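Each residue of the sequence shown is one higher than the one before, starting from 493 at the first, in my numbering.
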Amino acid sequence: MNLIQKFTNIILFSLVMGLVLTSCGEDKKTTKIEAPVPKKARVKIPAFDMDNAYAHIEKQLSFGHRIPGTPEHVACKDWIVSELKANDVTVEIQEFKADFLGLKDQQSYNIIGSINPDKQPRIMLAAHWDSRLIAEKDPNKDMQDKPIMGADDGASGVAVLLEITRLFKENPIDLGVDIVFFDAEDNGVPNGDASTENTWCLGSQYWAKNPHIKNYKAKYGILLDLVGAEDAMFGLEGHSMANARNLLLKTWDLAANMGYSNYFQKYTAGTITDDHVYVMRGRGFPMIDIISLPPSEGKTGFGAHHHTHDDDINIIDKNTLRAVGQVVTAAMYKESDGSF
Ligand SMILES: [Zn+2]
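See the structure below:
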């Protein structure tokens, strides 16, 4: 044990004793447990550029709706691939056909970008890149059968991950990372019924059964969904809490230590069928979902813009993009030197 370690241990011991004493001396309900003292990263954690991420959302929207089987979707796919390649990411495209909302055999693509492809273990970062064919929650009934722009629902997660690949290029990282953009996530049957659960997340369902590398396994995964809205708040999503609790709490602690506890809050949020569920079921490694589920009227739900035409560029707040982007960036660089 060197001096620094010894000093750290003394601090940790004092903190633990402090907590024990506090909880003995006070009403348990009012005891506030602070996030643990973070291990300091040896590597430099680069600054996430929220303007770049915002521009990546605008660019995706400029293609139009990204609905599998349409030319707009293909154009956006080509752009995502070119962005990945420009950042020296190795790209593999997985093609499959999807049936959704009355459409059949729609050409779909999972896009898989690998950083340091020969390195083990792998970390998976993912988002869905398709947008929704309908707006069933829009207050204007005449507009409910029209596709949404999906600035938050789809484009925001892609934008954050693309900016992170630029950071990986500018600040080479000693870590094996797979960036996976799942297709056909957001075109399921909108009744919230367990019987229609498998109409969602078609890209991750396909990938989980047919991983791009045989027997693919990552150490863990982080999924980003709805990570750009002005009223975003990230609670502890149910499947993540049940199956990837340590990773989830560690990530929220990191966020708190970085000053983002206003976005990352430790309340119990809803249980959401999202791509992480199929990855965990199919491939058996833990994966968390960073997904905005703000609390209102005693429960949590998606923001008011969800699956309405308000999910356009006006709902995006760069500060939300930065909070999520900076936390995930920090997690990756800290993972690379063992301090996460
Ligand atoms: Zn959605």
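Think of the CB as a built atom: it goes at the ideal place given N, C-alpha and C, for glycine as much as any other residue.
Given the structure is predicted, the values throughout are model-derived calculations rather than measurements.
Of the listed residues the options, nearest to residue i (C-alpha basis)
i      : options                           : result
Glu628 : Thr582, Val681 and Pro609         : Val681
Arg773 : Tyr825, Asp829, Asp802 and Pro703 : Pro703
Ile808 : Ser696, Gly727 and Ala651         : Ala651
His797 : Leu728, Gly776, Gln757 and Leu718 : Leu718
Pro838 : Ala721, His731 and Asn679         : Nothing about residue 838 can be read from this structure; the chain reaches only from 493 to 832.
Glu584 : Pro530, Asp670 and Ala700         : Asp670
Thr800 : Gly561, Arg624 and Pro530         : Arg624
Phe592 : Lys701, Ile780, Met542 and Ala676 : Ala676
Phe794 : Lys706, Asp644 and Thr562         : Asp644
Pro609 : Phe832, Ala748 and Asp666         : Asp666
Asn544 : Gly830, Leu813, Asp803 and Asp829 : Leu813
Asp541 : Leu653, Gln552, Glu575 and Pro528 : Leu653
Met641 : Trp692, Phe832, Lys810 and Ile805 : Ile805
Arg775 : Arg558, Val819, Lys701 and Gly668 : Lys701
Asp766 : Ala748, Ala823 and Ala686         : Ala686
Gly684 : Leu740, Ser784 and Ile764         : Ile764
Asp802 : Ser753, Asn632 and Ser554         : Asn632
Phe660 : Ser753, Lys536, Tyr755 and Lys532 : Lys536
His557 : Ala748, Lys758 and Ile626         : Ile626
Gly695 : Gly594, Gln598 and Lys577         : Gln598
Pro563 : Trp699, Lys758 and Tyr601         : Tyr601
Gly790 : Ile656, Ala734, Thr760 and His620 : Thr760
Ala619 : Ala815, Phe777 and Val771         : Val771
Phe756 : Ala710, Gly817, Val769 and His731 : Gly817
Glu587 : Leu746, Thr792, Met750 and Phe673 : Phe673
Asp723 : Arg614, Asn749 and Ser784         : Ser784
Three-way DSSP call (helix, strand, coil) for residue i in this model
i      : result
Phe660 : helix
Gln636 : coil
Ser828 : helix
Thr765 : coil
Glu518 : Any reading at Glu518 must be qualified, since the residue scores a pLDDT of 38, below 50, and its modelled position is unreliable; the value itself is stated next. Here Glu518 sits in coil by DSSP.
Leu785 : coil
Ile705 : coil
Val573 : helix
Val535 : coil
Ile559 : coil
Val838 : Residue 838 cannot be examined here, being either before or after the span of the chain that is shown, 493 to 832.
Ile626 : coil
Met750 : coil
Met779 : strand
Gly649 : helix
Tyr755 : coil
Check: residue i C-beta below 7 Å from any heavy atom of ligand 1
i      : result
Asp849 : In this structure the chain extends from 493 to 832, so residue 849 is not present and cannot be described.
Arg624 : yes
His799 : yes
Asp802 : no
Asp630 : no
Asp678 : yes
Paired residues, beta bridge with residue i - DSSP
i      : result
Ile607 : Val669
Ala590 : Gln598
Ala721 : Ile808
Phe674 : His620
Thr760 : Leu728
Lys791 : Ser788
Tyr712 : Ile615
Check: residue i C-beta below 7 Å from any heavy atom of ligand 2
i      : result
Phe777 : This structure lacks ligand 2; its bound ligands are ligand 1.
C-beta neighbour in chain C for residue i, strict 8 Å
i      : result
Ser606 : Protein chains in the displayed structure number just one, and chain C is not present.
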